[in-house]
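J.:
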Amino acid sequence: NHKPFPDSGGKLWVGFVNVLMASMLMGQITLFGQLILKKTVYALPALAPLGIITILFMIFIVPKRNHVANFLPTLKCVEIDKKFKESGDSVKNFAAKEYLQPALKAGPKYPE
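Offset between the sequence shown (1-based) and the working numbering: plus 208.
(1) Quick one: grab the DSSP three-state call for residue 320.
(2) Which of helix, strand or coil does DSSP assign to residue 248?
(3) How long is the line joining the alpha carbons of residue 247 and residue 255, rounded to whole angstroms?
This is how it looks when you write it as structure tokens:
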């Protein structure tokens with residue numbers, strides 16, 4: 209019953225990015241703590257922008273990327289638009305979930 213192509217449509221990527229961001233932030237906090245304990249005067253101010261940029265990235269960029277990742281790639285959207293145009297239907301008339309990735313349309317699948 210094993211499928212040779214286990215494609216989840218990118219569902220795991222969102223969780224991976226969140227874990228990666230949290231790991232980066234914890235590593236930077238550890239580095240800053242170590243530099244404070246060693247009483248380094250010059251390294252800490254030089255590395256402060258690293259933590260600030262990471263936090264700003266987590267606040268502003270990651271949520272926008274997650275929103276974009278919930279929809280089909282642009283080329284697939286163009287194919288669907290062409291199919292509707294050829295059949296005479298308007299893009300405004302179809303269901304709102306038409307552009308969702310197939311993996312997001314289907315419910316969760318569990319192994320038997």
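Backbone N, C-alpha and C fix where the C-beta goes; we use that ideal spot for every residue, glycine too.
This one's a predicted model, so the numbers in the text were calculated from it and none came from an experiment.
T.: Reading from the atomic positions:
(1) Mapped onto the sequence shown, residue 320 falls at position 112. Correct three-state label for residue 320: coil.
(2) What you label residue 248 is simply residue 40 of the sequence shown in a count that begins at 1. Coil.
(3) In the sequence shown, the residue the question calls residue 247 occupies position 39. In the sequence shown, the residue the question calls residue 255 occupies position 47. In this model, residue 247 and residue 255 are separated by some 14 Å (Cα to Cα).
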